[in-house]
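> Going by my numbering, the first residue of the sequence shown is number 10, and it counts up by one from there. The beta carbon of each residue, even a glycine, is placed where N, CA and C say it ideally should be.
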Amino acid sequence: MTYEIIDTTPLDPVARPLLDALHIEYTTRYREFRPDSAASVSEEMMRYPAGLFAPPEGAFIVVMRDGETVGGGAFKRYDATTAELKRIWTHASQRRQGLGRRVYLTTGFKQPEAAGLYINAGYEPLFDRSIAPEIHFRLPFGKDLLEPGRVDSLHDLVQPEPLGQR
Numbered sequence: 010m011t012y013e014i015i016d017t018t019p020l021d022p023v024a025r026p027l028l029d030a031l032h033i034e035y036t037t038r039y040r041e042f043r044p045d046s047a048a049s050v051s052e053e054m055m056r057y058p059a060g061l062f063a064p065p066e067g068a069f070i071v072v073m074r075d076g077e078t079v080g081g082g083a084f085k086r087y088d089a090t091t092a093e094l095k096r097i098w099t100h101a102s103q104r105r106q107g108l109g110r111r112v113y114l115t116t117g118f119k120q121p122e123a124a125g126l127y128i129n130a131g132y133e134p135l136f137d138r139s140i141a142p143e144i145h146f147r148l149p150f151g152k153d154l155l156e157p158g159r160v161d162s163l164h165d166l167v168q169p170e171p172l173g174q175r
């Protein structure tokens with residue numbers, strides 16, 4: 010089983026299976042709340058031009074497993090200091106396996122500020138720290154997104170109002 014991450018755009022044919030599956034999933038999930046869910050989902054999917062998901066404003070990736078699209082997603086600029094994640098989808102057979110729980114990034118050895126930021130944000134160095142950084146040249150870091158409590162439903166997130174707050 011081999012996974013491949015493809016950096017692409019929503020207009021690339023390789024992205025079509027992800028977008029089609031996402032459309033079907035959204036339509037099915039929201040049908041009871043919006044009888045016109047297919048039209049609403051189509052409108053939502055067209056809401057953002059493909060260019061918003063391309064550098065330098067964003068990115069769009071597709072995850073392939075043995076040649077089949079099994080996931081992917083995008084981010085776009087939300088404001089001057091924030092990115093917004095969009096179009097996140099994982100094939101039902103691949104969910105709850107941790108595919109979206111690992112973050113990986115790299116920085117150059119001449120960027121100690123970036124390395125410090127990543128370490129302070131909880132990223133683990135994935136290189137031998139006993140060797141001079143310039144030997145590595147590119148310094149990889151990884152982070153597992155924590156699972157403090159599994160959420161199976163958004164209703165699990167609802168907090169009752171404290172007494173006296175009503």
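Would you kindly report the start and end of the unbroken beta strand (DSSP E) that includes T115?
111-117
> Would you kindly work out how many angstroms separate the C-alpha atoms of Q103 and V72, rounded to a whole number?
11 Å
> Compare the beta carbon distance of T18 and F69 with 7 Å and say whether it is the shorter of the two.
yes
> Suppose contacts are defined by Cβ-Cβ distances below 7 Å. Is D153 in contact with R111 by that definition?
yes
> Which word fits F146, buried or exposed, when buried means at least 16 other C-beta atoms lie within 10 angstroms of its C-beta?
exposed
> Is the distance from the Cβ of T115 to the Cβ of P149 below 7 Å?
yes
> Please report the Cβ distance between G151 and L135, rounded to the nearest whole angstrom; I am assuming they are in contact, meaning their Cβ atoms lie under 8 Å.
5 Å
> Let me confirm a value: Y12 is counted as buried when at least 16 other C-beta atoms fall within 10 Å, else exposed. Which label applies?
exposed
> With distance defined between alpha-carbon atoms, name the residue in F118, G67, A101, H32 nearest to T90.
G67
> Nearest to K119 by CA position, among R138, D21, P142, Y57, is which residue?
P142
> Going by DSSP, what residue range makes up the alpha helix (DSSP H) through A4?
No information on residue 4 is available, as it lies outside the stretch 10 to 175 that the chain covers here.
> Pull up the CB-CB distance for P26 and T78, whole angstroms please, since I reckon it's below 8 Å.
4 Å
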